[in-house]
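Position one of the sequence shown corresponds to residue 210 (my numbering), numbered consecutively onward.
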Amino acid sequence: ASQIAWAYTSDAAVIALTAQLLLLAAVFQLSDATQVITSCAIRGYKVTRAPMVIHLTAFWVFSLPLGYVLGLSPGWAPFKPAQAMGAAGFWIALVVGLTIAALGLTVLLRHVARSRLNKN
């Protein structure tokens, strides 16, 4: 990952951060691909409200607050890292939100597909 960063900058701090964030981006791809595919498959069944609720919950209830706490480590937070994680904290929270969305949408897709099969 650091070789990619070297192509764009010679700043050691930027290279170290880029290497860390690229690893998180790789994990991000798995959850993101799963949630996109399942969301589109559910939309194919003409079910739209439940995926919207799952996405809102995953991103607004879990990912956004977690990103704030991990990234900025505010003093009032009941749980927080020893020090603010910065960009990595926001990316970790995004991965958590995407994973929650992927799991919820996978369960929903399985339920919708089975109910449609049983209907026919």
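Glycine included, C-beta positions come from ideal geometry on N, C-alpha and C.
CB of residue i within 8 Å of CB of residue j, strictly
i    : j    : result
L307 : T247 : no
W300 : L226 : no
A235 : A214 : no
I309 : A267 : yes
G284 : G298 : no
Spatial neighbours of residue i in its chain, beta-carbon cut-off 7 Å, leaving aside the 5 residues before and after
i    : result
R325 : Y254
L275 : A302 and V305
I251 : P260, L314, L317, L318 and V321
S272 : A302, L303, V305 and G306
Host alpha helix (DSSP H) of residue i (start-end)
i    : result
S306 : One point to set straight first is that residue 306 is Gly, not Ser, in the sequence displayed. Per DSSP, G306 belongs to the alpha helix (DSSP H) from A296 to K328.
L212 : It is Gln, not Leu, that sits at residue 212 in the sequence shown. First-last of the alpha helix (DSSP H) with Q212: S211 to W215.
Integer-rounded CB distance, given that residue j should sit under 8 Å from residue i
i    : j    : result
L317 : A259 : 6 Å
A181 : S240 : What the structure shows of the chain is the stretch from 210 to 329, and residue 181 is not part of that stretch, so it cannot be assessed.
Residues of its chain near residue i, where Cβ-Cβ distance is below 6 Å and the 5 sequence neighbours each way are ignored
i    : result
K174 : Lying outside 210 to 329, the shown extent of the chain, residue 174 is not represented and no answer is given.
_My parser needs the alpha helix (DSSP H) runs of 4 or more residues fully inside the segment 233-286; what are they?_
Those alpha helix (DSSP H) runs which fall completely within the segment 233-286 and span 4+ residues are 258-265 and 273-281.
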